[in-house]
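Residue numbers (my numbering): 281 to 602.
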């Protein structure tokens, strides 16, 4: 498929501004909202403020958006590789730093989602989760700026020598070679990927059906307990999916079915936020009907994850590149 390799650099340039500036803004809001005395004590539960809530939502959104940002970065690599005005050493250093930024921003997003779930369920976020978010977000900012500083020299030949000191750690090549060296690695990850997909699709389907009127005797607060199960499945899928992608990125960026899968994954992950934090569904008691907006979101979340499942299954067969 020509769409992704040719447009990868353009999409990446647009997308990479979101995690860089967004993480700085989210971290600033998060620091502003911290009640330092109670927060520093691991024995004290910290009540969330509106500003803290906004910062946590931003971390979750940025963690989700880091997925297409990282993928378009790999597509850009294949578009630039072999050009006379680019340095492969700089590209490799850039992708190593990008993987670390993706890792820590993803971890910050995961823990931020957990903090939002805790706040919805227990009216407060545990202090350890906020401490973890602070640590992961600071590391994210460090690696995001490192990634940007190295990436800015890729298509500037005059800066290649200056960037030469920024040698890559080799972590991406290590992961790629490790997966390709063990015959059991790929099928093991596929098994974990299928289990993760079953968890996330099963959780969102059960929750969505309750919203649409099935099993109305069950209050939504009980269904809310299933969300961490779906989140765990999503985390498994992202981890194994990244390993798949690193091991064979050139083939994945050329697949016709891969872009729509990622697009629907982003939509589905963001839609889950609605059922995590908004009041409309949380107030639905046993025997009560969900509001219309909640039903629309239920259809969207089931549809989006169904599309992720279908496009993922058809990757080897749909269009070119498989």
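All C-beta atoms, glycine included, are put in the ideal place defined by N, C-alpha and C.
Residue j beta carbon less than 7 Å from that of residue i
| i | j | result |
| --- | --- | --- |
| residue 486 | residue 510 | no |
| residue 377 | residue 423 | yes |
| residue 389 | residue 340 | yes |
| residue 480 | residue 515 | no |
| residue 385 | residue 299 | yes |
| residue 405 | residue 395 | yes |
| residue 580 | residue 551 | yes |
| residue 335 | residue 310 | yes |
| residue 578 | residue 488 | yes |
| residue 499 | residue 399 | no |
| residue 382 | residue 360 | no |
| residue 547 | residue 584 | yes |
Burial state of residue i, where buried means 16 or more other Cβ atoms lie within 10 Å
| i | result |
| --- | --- |
| residue 289 | buried |
| residue 461 | exposed |
| residue 597 | exposed |
| residue 467 | exposed |
| residue 297 | exposed |
| residue 464 | exposed |
| residue 567 | exposed |
| residue 561 | buried |
| residue 570 | buried |
| residue 576 | exposed |
| residue 457 | exposed |
| residue 555 | buried |
| residue 572 | exposed |
| residue 397 | buried |
| residue 563 | exposed |
| residue 544 | buried |
Residue i (DSSP reduced to helix, strand or coil)
| i | result |
| --- | --- |
| residue 570 | coil |
| residue 405 | strand |
| residue 421 | helix |
| residue 535 | coil |
| residue 598 | coil |
| residue 464 | coil |
| residue 247 | This structure cannot settle anything about residue 247, because the visible part of the chain is limited to 281 through 602. |
| residue 499 | coil |
| residue 528 | coil |
| residue 494 | coil |
| residue 416 | helix |
Does the structure place the segment 529-543 close enough to the segment 493-510 that three or more beta carbon pairs sit under 8 Å? no
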